[in-house]
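Residue numbers (this note's numbering), protein chains in the order written: chain A, 124 to 342; chain B, 124 to 342.
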DNA sequence: TTATATTTTTAGATTAGACTAAAAATAAAA
DNA sequence: TTTTATTTTTAGTCTAATCTAAAAATATAA
């Protein structure tokens, strides 16, 4: 249906639309996909021809409904495969991204339908990101960044914003994973750092960390 | 490591070396891969540069040890994925080829190691073809074509030579699958057709069928 | 053994996707 | 509002993999 490159552009643009709230620039796409802006211009014109996005010279792009549908389907496949890799093949959550990046391009509706069933139709991937259902609908949750919660409140870790291997390994070292209870014992307003409690341990975390961890607040 | 096209050429040549016992011609490759002979010449020269096969103009090609290693690894991946699709996702044996054809190109040693373990290190795929181990070694079995066995002998179906969806569906209709006992009740020397017994049913099969079914003889 | 047919290779084009370098448009600063 | 800087596009190349058409080598037949 679509080439590998086309799928990767659509996926990247979809993610950028959410991060940047709207207008996605040529440079932003180039950076996210690790290519040159001139290459992006070419591809974007091709995708506009195919009605997957709208494009005005010098004005950035916006996915059409069709483009979004394609992108969401790739994201669905990516996240289902991540669940498979972690739940069934016992990969660690910091090892699955690159492999899922390849698996997401396998073409077979039936395969994904069956994989989803095999995995018990999971709602979230191993990093806590929601898995769109076959109609593209996401399970919404009340989640906040850890950095947004107040002193003495506590929450359960439900996901990560950044999911680089480095960050995930840091979390492992601190014994934080999805489902872990985290209580904010103190918050430094100057630099946003925090003292938190995880299990019996209490320790310091920087703002960068707190800004990349999603929690669901508990009473 | 290798491009998709390169991998497909190596795999096709490997299979042809076995079917044709040795020398593989440009035309044979072109036919098997559904491309033009001129394209094959180009690619074959490229693969020769990379020492994956030896090539003499007008004389056909032969895989080097390295080329065989690569080909066998792709076949290993293909067959392991087929087992996954049938055993875990409940696909039928006539539906898995095209999907495995894509999955075989996913690059990750670790993935295959874990998949193999998850599946219980199977020796054969759903069509009865042997799965090379990680060193490329195949489990050998004493198998014969059904067409080669004598009247009143019986055997267990252990594989198929041809594995097109059409042939597999024919076998299903006749209730023949891997593990099925087959007894030869009669054999017509003129056209090689047979009367066989499968379960309680007795029926006629043509030579074409008997020539594409592998059995292991039983006393 | 010459003539004919088949197979294989070469030469030249094409397409997707990327790149560099330079030009054009837009945005920011003086 | 000019000038300067940044972003984006265009124009022209490049590589992988394919193709067509024609030439060259090999195989087959008279």
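Ideal placement from N, C-alpha and C gives every residue a C-beta, glycine not left out.
- Secondary structure of residue 177/A (DSSP, three-state): strand.
- Between the stretch 238-254 of chain A and the stretch 208-228 of chain A there are three or more inter-stretch CB-CB distances shorter than 8 Å, so the stretches are counted as touching.
- For a Cβ distance threshold of 8 Å, nothing in chain B lies close to residue 150/A: the least Cβ distance comes to about 29 Å.
- The stretch 262-322 of chain B contains, as complete beta strand (DSSP E) runs of 3+ residues, the segments 277-283, 304-310 and 317-321 (chain order).
- Closest in C-alpha terms to residue 197/A, from the list 228/A, 319/A, 153/A and 240/A, comes 228/A.
- For the set 159/B, 129/B and 195/B, the Cα lying nearest the Cα of residue 169/B is the one of 129/B.
- Between the alpha carbons of residue 319/A and residue 309/A lies a gap of roughly 7 Å.
- Around the beta carbon of residue 183/B, 16 or more other beta carbons sit within 10 angstroms, so the residue counts as buried.
- At least one beta carbon of chain A lies nearer than 7 Å to the beta carbon of residue 231/B.
- Look at residue 230/B here: in three-state DSSP terms it is coil, with no helix or strand label.
- Scanning chain A for C-beta atoms nearer than 9 Å to the C-beta of residue 241/B yields 211, 212 and 213, reported in chain order.
- In its chain, beyond the 5 residues on either side, 332 have a beta carbon closer than 8 Å to the beta carbon of residue 293/A.
- For a Cβ distance threshold of 9 Å, nothing in chain B lies close to residue 195/A: the least Cβ distance comes to about 21 Å.
- Close CB contacts of residue 261/A within its chain, under the 7 Å cut and outside five residues either way in sequence, are with 253 and 255 (chain order).
- Contact with chain B is found for residue 222/A, since one of that chain's Cβ atoms lies less than 7 Å from the residue's Cβ.
- With its beta carbon less than 7 Å from one in chain B, residue 234/A belongs to the interface.
- At the C-beta level, residue 282/A and residue 339/A stay beyond 7 Å of one another.
- Under the Cβ criterion of 7 Å, residue 199/A is not counted among the residues facing chain B.
- The beta carbon of residue 263/A does not come within 7 Å of any beta carbon belonging to chain B, so the residue lies off that interface.
- Judged by beta-carbon spacing, residue 160/A lies within the 7 Å limit of residue 153/A, meaning their Cβ atoms are closer than that value.
- The CB of residue 238/B comes closer than 8 Å to the CB of 212 in chain A, given here in chain order.
- The Cβ of residue 225/B sits closer than 7 Å to at least one Cβ of chain A.
- Each residue's CA atom was taken as its position, placing residue 232/B and residue 163/B some 29 Å apart.
- For residue 167/B, the enclosing alpha helix (DSSP H) starts and ends at 160-172.
- For residue 324/A, the uninterrupted beta strand (DSSP E) segment begins and ends at 324-328.
- In this structure, residue 268/B keeps its C-beta atom at 7 Å or more from the C-beta atom of residue 241/A.
- The beta carbon of residue 341/A sits closer than 7 Å to the beta carbons of 277, 278 and 279 from its chain, once the five residues preceding and following it are set aside; these are given in chain order.
- Contact annotation: residue 194/B and residue 133/B have beta-carbon atoms nearer than 7 Å.
- Rounded to the nearest whole angstrom, the CA to CA distance from residue 143/A to residue 258/A is 24 Å.
- Contact between residue 140/A and residue 186/A holds: CB atoms are separated by about 6 Å, below the 8 Å threshold.
- Between residue 274/B and residue 337/B, the C-beta gap is not smaller than 7 Å, which leaves the two residues out of contact.
- Residue 323/B and residue 300/B have their C-alpha atoms spaced approximately 15 Å apart.
- Apart from sequence neighbours up to five positions away, the residues of its chain that approach residue 230/B with a beta-carbon distance below 8 Å are 124, ordered along the chain.
- At the C-beta level, residue 335/A and residue 285/A come within 7 Å of one another.
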